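J.: Counting with the working numbering, you get residues 1027 to 1064 for the letters of the sequence shown. Before I ask anything, let me first share the structure, which is written out below as structure tokens.
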Amino acid sequence: MIVIDNVLISDDVIEKKFVCDLSRCKGACCEDGDAGAP
1027 MIVIDNVLIS
1037 DDVIEKKFVC
1047 DLSRCKGACC
1057 EDGDAGAP
């Protein structure tokens, strides 16, 4: 676990790969650019 602003974050956030489910979100959280997933 890591702590960011007094919030415990699971190590899975760092270790697991994330893939958007575009069929569900319809790109609502996507941003233009190469910064990666939000």
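Yeah, the Cβ is synthetic: ideal placement off N, Cα and C, and Gly gets one too. For clarity, every value in this text was computed on a predicted model and none was experimentally measured.
What's the C-alpha gap between residue 1058 and residue 1027?
T.: Within the sequence shown, the letter at position 32 stands for residue 1058. Within the sequence shown, the letter at position 1 stands for residue 1027. Going by the C-alpha atoms only, they are around 30 Å apart.
J.: Assign residue 1029 to one of three DSSP states: helix, strand, or coil.
T.: For the purposes of this step, residue 1029 is identified with residue 3 of the sequence shown, where counting begins at 1. If DSSP states are grouped into helix, strand and coil, residue 1029 belongs with the strands.
J.: Give the straight-line distance between the Cα atoms of residue 1056 and residue 1041, rounded to the nearest whole angstrom.
T.: In the sequence shown, counting from the first residue as 1, residue 1056 sits at position 30. In the sequence shown, counting from the first residue as 1, residue 1041 sits at position 15. So the two alpha carbons sit approximately 21 Å from each other.
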